[in-house]
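Chains B and H supply the protein sequences, listed in that same order.
Residue numbers for the first sequence, in my numbering: 1 to 119.
Residue numbers for the second sequence, in my numbering: 1 to 306.
Glycine included, each C-beta is placed from N, C-alpha and C at the ideal position.
Quantities reported herein were computed from a predicted structural model and do not represent experimental measurements.
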Amino acid sequence: MDRIPILTMGKLLLVTIQVDMHDRLALTLQDDLTSRIVKDGANGVLIDISSLDVVDSFIGRMIGNTAAMARVLDAQTVVVGMQPSVAITLVELGLTLSGVRTALNVEKGMALLTGGGAA
Amino acid sequence: MEMVGGTRLAQVFGNNQTELLNEWITKQHAIASRRGLVGEAELRNQFSQFVSLLLTVLSASDRVDFKGTEWHEVRAFLADMSAQRARQGFSPVETAMFVFSLKQPLVTRLRAALANEPAMLADLTWTISALFDELGLYTTEVFQASREQVIVRQQQELLELSTPVVQLWDGILALPLIGTLDSARTQVVMENLLQKIVETGAAISIIDITGVPTVDTLVAQHLLKTVAAARLMGADCIISGIRPQIAQTIVHLGVNLSNVTTKATLAAAFVVALQRTGKSVTMAGAQEHAARNGAAAGMHDSSSPE
Numbered sequence: 001m002d003r004i005p006i007l008t009m010g011k012l013l014l015v016t017i018q019v020d021m022h023d024r025l026a027l028t029l030q031d032d033l034t035s036r037i038v039k040d041g042a043n044g045v046l047i048d049i050s051s052l053d054v055v056d057s058f059i060g061r062m063i064g065n066t067a068a069m070a071r072v073l074d075a076q077t078v079v080v081g082m083q084p085s086v087a088i089t090l091v092e093l094g095l096t097l098s099g100v101r102t103a104l105n106v107e108k109g110m111a112l113l114t115g116g117g118a119a
Numbered sequence: 001m002e003m004v005g006g007t008r009l010a011q012v013f014g015n016n017q018t019e020l021l022n023e024w025i026t027k028q029h030a031i032a033s034r035r036g037l038v039g040e041a042e043l044r045n046q047f048s049q050f051v052s053l054l055l056t057v058l059s060a061s062d063r064v065d066f067k068g069t070e071w072h073e074v075r076a077f078l079a080d081m082s083a084q085r086a087r088q089g090f091s092p093v094e095t096a097m098f099v100f101s102l103k104q105p106l107v108t109r110l111r112a113a114l115a116n117e118p119a120m121l122a123d124l125t126w127t128i129s130a131l132f133d134e135l136g137l138y139t140t141e142v143f144q145a146s147r148e149q150v151i152v153r154q155q156q157e158l159l160e161l162s163t164p165v166v167q168l169w170d171g172i173l174a175l176p177l178i179g180t181l182d183s184a185r186t187q188v189v190m191e192n193l194l195q196k197i198v199e200t201g202a203a204i205s206i207i208d209i210t211g212v213p214t215v216d217t218l219v220a221q222h223l224l225k226t227v228a229a230a231r232l233m234g235a236d237c238i239i240s241g242i243r244p245q246i247a248q249t250i251v252h253l254g255v256n257l258s259n260v261t262t263k264a265t266l267a268a269a270f271v272v273a274l275q276r277t278g279k280s281v282t283m284a285g286a287q288e289h290a291a292r293n294g295a296a297a298g299m300h301d302s303s304s305p306e
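Below is the structure:
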């Protein structure tokens with residue numbers, strides 16, 4: 001079965017979603033990510049969704065939930081590189097991901113995480 | 001009732017083509033030239049083209065069926081003429097009269113030619129009447145469709161015109177909104193803004209609503225949607241240009257803008273944006289002064305020159 005790779009960069013975890021997200025994949029990612037945060041003692045998670053151009057309400061909610069789970073495990077989460085069409089869709093679905101921090105690209109997201117959270 | 005007698009019609013009119021044309025043009029000329037929209041030469045050209053097309057089709061078959069394939073050329077000609085007139089600013093009546101004004105000259109000819117055959121005359125009059133009704137209706141339909149196209153195009157242009165996104169500084173965008181925000185416009189505004197954020201990598205965008213005449217709950221909701229979408233992409237939004245009346249309306253309506261930075265003027269918003277991106281504005285004179293002082297003293301002094 002497909003898995004979304006999780007890369008480790010020091011104390012940070014980098015998740016790049018480059019395939020079409022389907023529900024099972026999303027749930028597997030949640031499982032993998034939470035266990036990796038615990039195993040590696042990560043304090044930051046960067047989710048790059050720049051290649052994702054279709055979302056539905058489930059995936060939108062899953063992104064929000066993943067961020068919330070990471071926060072419970074004491075890891076900051078930044079979602080980066082959201083496409084305009086995805087942003088519009090999420091807003092129209094009423095999912096503003098209010099608890100999630102966002103950045104335009106990976107570079108800015110990294111700055112947000114390594115800059116001690118002061119942005 | 002079947003429309004027949006095409007060949008007979010063609011025969012009658014073919015003999016009187018020039019006369020027919022002249023009479024028709026006299027009738028039409030009154031309408032068209034009054035508006036000064038088409039010249040007589042062009043009109044005459046159109047007429048003779050139409051009459052010869054009509055005669056060709058009529059003489060080809062005895063059955064008259066406007067929907068049939070052999071009428072394709074006539075339909076194409078009418079569509080062309082109608083679309084052209086729609087663009088030139090003719091009214092629907094004037095356009096339909098292009099066809100209808102031919103009816104009377106035709107019937108006159110018919111009566112003269114078939115004075116001895118009353119049954120035939122009645123049949124052919126019916127055929128002409130029914131045929132020209134169809135021609136006229138078709139003309140009007142095409143006219144309406146062309147007008148519709150013009151309106152759609154104008155709406156499109158208006159949408160594009162009214163939503164410019166300007167770059168104020170490196171990493172700072174401004175979106176001056178003019179006019180009422182409805183759902184369709186919000187969509188375009190949002191798309192433009194988000195696209196520009198991607199292109200420029202801007203961290204802050206200022207939405208200026210000085211030109212928005214009224215803010216009701218719907219407009220406010222649209223604004224908040226835009227702000228939320230920009231935030232999802234990682235850009236902060238500041239709403240500026242809120243006039244006193246609008247501030248009052250917003251509060252009276254109970255719209256919650258508490259999680260959006262708002263400023264009264266674009267200038268104030270720009271200053272905030274500069275601060276957030278780690279920049280500041282100083283007087284050119286003051287900077288020079290400080291630089292000179294610093295050079296003279298041979299040291300760096302970051303405090304004010306005074």
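Step through the CB atoms of chain B and report whether any lies within less than 8 Å of the CB of H/Ala229.
-> yes
What residue range is occupied by the uninterrupted beta strand (DSSP E) comprising B/Val78?
-> Gln76 to Val80
Helix, strand or coil at B/Ile40 according to DSSP, with G and I counted as helix | Strictly speaking, residue 40 of chain B in this sequence is Asp, with Ile absent from that position. In the structure shown, B/Asp40 sits in a helix (DSSP, three-state: H, G or I).
Candidates H/Arg63, H/Gly39 and H/Pro105, of which the one nearest H/Gln17 by Cα | H/Pro105
Considering only C-alpha positions, which residue in the set B/Ala103, B/Val72 and B/Thr114 is nearest to H/Ala202?
-> Taking H/Ala202 as reference, the option from B/Ala103, B/Val72 and B/Thr114 with the minimal CA-CA separation is B/Ala103.
Within 10 angstroms of its Cβ, does B/Leu93 collect 16 or more other Cβ (buried), or is it exposed?
-> So B/Leu93 ends up on the exposed side.
May I have the straight-line CA-CA distance separating B/Gly44 from B/Ala75, to the nearest angstrom?
-> 5 Å
Could you tell me which chain B residues have their CB closer than 9 Å to the CB of H/Glu191, listed as they occur along the chain?
-> Pro84, Ser85 and Ile88
So, using beta-carbon positions, are B/Ile179 and H/Leu194 closer together than 8 Å?
-> This structure cannot speak to residue 179 of chain B, because chain B is shown only from 1 to 119.
Sorted by chain position, which residues of the same chain lie with C-beta nearer than 8 Å to H/Leu135's C-beta, five sequence neighbours on each side aside?
-> Phe66, Val74, Leu78 and Val99
Can you give me the Cβ contacts of B/Gly109 inside the same chain, cut-off strictly under 7 Å, excluding the 5 residues immediately before and after it?
-> Cβ neighbours of B/Gly109 within its own chain (closer than 7 Å, five residues either side excluded): Leu46, Val78, Val80 and Ala103.
Would you say B/Ala42 touches the ligand FMN, meaning its beta carbon is less than 7 Å from a heavy atom?
-> As far as ligands go, the structure on display features none, and thus does not contain the ligand FMN.
Can you give me the Cβ contacts of H/His222 inside the same chain, cut-off strictly under 6 Å, excluding the 5 residues immediately before and after it?
-> Leu181 and Thr186
Among residues of its own chain, excluding the 5 on either side of H/Val165, which ones have a beta-carbon nearer than 7 Å to its beta-carbon?
-> Leu173, Leu175, Asn192, Leu193 and Lys196
How is B/Gly64 classed by DSSP in three states: helix, strand or coil?
-> helix
Would you please state the rounded distance, in angstroms, between the beta carbons of H/Phe143 and H/Arg85? I believe it to be under 8 Å.
-> Their Cβ separation, rounded to whole angstroms, is 7 Å, which keeps H/Phe143 and H/Arg85 in contact under 8 Å.
Chain H contacts from the region 89-104 of chain B (Cβ-Cβ distance under 7 Å) | Per Cβ criterion, the list reads Leu90, Val91, Thr96, Leu97, Thr102, Ala103 and Leu104.
What separation, rounded to the nearest whole angstrom, lies between the Cα atoms of H/Ala145 and H/Gln155?
-> 15 Å
Interface residues of the region 166-197 of chain H facing chain B [CB-CB below 8 Å] = Gln187, Met190, Glu191, Leu194, Gln195 and Ile197
Of all the alpha helix (DSSP H) runs that stay within the bounds of the region 171-258 of chain H, which reach a length of 4 or more residues?
-> 183-200, 217-232 and 244-253
With respect to the alpha helix (DSSP H) encompassing B/Ala111, which residues constitute its N-terminal and C-terminal limits?
-> Val106 to Thr114
For B/Ala118, collect the residues of the same chain with a Cβ closer than 8 Å to its Cβ; drop the 5 residues on either side in sequence, then sort them by chain order.
-> Unreliable positioning characterises B/Ala118 in this predicted model, as indicated by a pLDDT of 43, which lies under 50. The coordinate reading is nonetheless provided below. Around B/Ala118, the same chain offers no residue with a beta carbon nearer than 8 Å, after the five sequence neighbours per side are excluded.
Helix, strand or coil for B/Leu93 per DSSP?
-> coil
Considering B/Ala103, what are the terminal residues of the beta strand (DSSP E) in which it resides?
-> Arg101 to Ala103
Contact set between the region 69-80 of chain B and chain H, restricted to residues whose Cβ is under 9 Å from the partner = Val78, Val79 and Val80
In the DSSP assignment, what residue or residues form a beta bridge with H/Gln167?
-> H/Leu173
Check the Cβ of B/Lys108 against every Cβ in chain H and list those closer than 7 Å, keeping chain order.
-> In chain order, Gly234 make up the part of chain H whose C-beta sits under 7 Å from the C-beta of B/Lys108.
Is the Cβ-Cβ distance between H/Val260 and H/Cys237 less than 8 Å?
-> In this structure, the beta-carbon distance from H/Val260 to H/Cys237 falls below 8 Å.
Helix, strand or coil for B/Ile4, going by three-state DSSP, please let me know.
-> coil
Contact check, H/Asp80 vs H/Gly6, beta carbons under 8 Å = no
Backbone CA spacing between B/His22 and B/Val86 [nearest angstrom] = Going by the C-alpha atoms only, they are around 15 Å apart.
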